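Take a look at the structure below.
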Amino acid sequence: MERLKSQDAISARKGLSGTNAANAVLLDHNHANMGDCIFCKVIKKEIPSYIIYEDENFISFLDINPKAFGHCLVVPKEHYDDIYSYREKAGASVIDAIRTVCLMIKENMNCAGLNVVQNNGRIAGQLIEHIHFHIIPRFEKEIGVNKRDFKAVLRMIKGESKA
Ligand code: AMP
Ligand code: ZN
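If you want it as structure tokens, here you go:
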């Protein structure tokens, strides 16, 4: 209901109706927080990160505050706040990007399993309002490397050293 009200307000401001109004709302919603978005800065390489995978549409890098060894994120390069506003570009499948990173992790880190998690809204634990997917590897035994030794974790995920 709230969203409908805000759609009406934006449409009225722009003098739009129908599909044009809906698209205008989507654009306003998508780009509202881009200016100071941390992940947009990571994507533009204004903030350094430990990059696992990158293509035209997606980037994957290590989470700076890992919940587990090898915890990383897959992030669409285009800014969308959350799952509600997210739109996939033709030929840019987010599940393919996630699977690519999951396979790298499974093969090179030899994890027993992994979680893919995506949070929406503060109450659900979303801190960064740029849609992202957590990949959290799970191991049966302790890895003898600190999960915050990002260079070592990156080498392992890329298959440059063994777990
Ligand atoms: P969420 O709580 O789902 O919004 O997840 C945001 C995640 O982004 C958290 O796990 C943070 O540790 C992580 N994070 C925040 N800033 C950075 C950064 N500059 N580089 C890598 N990970 C980050
Ligand atoms: Zn962003």
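Per the working numbering, the sequence shown starts with residue 751, numbered consecutively.
The beta carbon of each residue, even a glycine, is placed where N, CA and C say it ideally should be.
Predicted model only: the values in this text are computed from it and were never measured.
| Asked | Found |
| --- | --- |
| Taking 8 Å as the threshold (C-beta atoms), are V792 and F808 in contact? | no |
| Helix, strand or coil for N865? Go by DSSP, reduced to three states. | strand |
| Sorted by chain position, which residues of the same chain lie with C-beta nearer than 8 Å to Y834's C-beta, five sequence neighbours on each side aside? | N870 |
| Could you tell me the alpha carbon to alpha carbon distance between I797 and D786, rounded to whole angstroms? | 12 Å |
| Look at the alpha carbon of G894 and the alpha carbon of I885, and state the distance between them as a whole number of angstroms. | 20 Å |
| In whole angstroms, what separates the C-alpha of S911 from that of D846? | 25 Å |
| Between K856, R898, I881, A874, which has its C-alpha nearest G909's C-alpha? | K856 |
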